[in-house]
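Presented below is the structure to which this report refers.
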Amino acid sequence: MAGAVGLSLALRPVAQSLGELALMLDRPQEAADHFARAERVAHRWHSPHWADAARADLAQAGSRVRRSGLDVERAALTAGG
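So, in structure tokens, the structure goes:
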């Protein structure tokens, strides 16, 4: 495999993609849970770029959660792990 030695990939936390999918499916609470987890994973990876992206998406999901009347604090409490 020519060139494979110099290959590097930067992948975002899977929870970020799951959060986006949950938003598309109109499941804002699940999305918020995923984004909260993605932010924690990004911090563990020392990746401020992905942490910022997760935080921004968490804010968007949080506003949709508030509009839907769901428990806003649940994301921060239940996405641990």
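The numbering of the sequence shown is the numbering used here, which starts it at -7 and goes up by one. Every residue, glycine too, gets a C-beta built ideally from N, C-alpha and C. Source: prediction; values computed, not measured.
I'd like to check one pair, A43 with E31: are the Cβ atoms closer than 9 Å? Position 39 of the sequence shown, counting from 1, holds the residue named residue 31. Position 51 of the sequence shown, counting from 1, holds the residue named residue 43. In this structure, A43 lies closer than 9 Å to E31 by Cβ.
Q21 and V57 closer than 9 Å at C-beta: Your numbering for residue 21 matches position 29 in the sequence shown. Your numbering for residue 57 matches position 65 in the sequence shown. Yes.
Boundaries of the alpha helix (DSSP H) in which P40 is found, first to last residue: For the purposes of this step, residue 40 is taken as residue 48 along the sequence shown, with counting starting at 1. That run of the alpha helix (DSSP H) goes 40 to 60.
Range of the contiguous alpha helix (DSSP H) that encloses S9: What you label residue 9 is simply residue 17 of the sequence shown in a count that begins at 1. Counting along the chain, the alpha helix (DSSP H) containing S9 begins and ends at 6 to 16.
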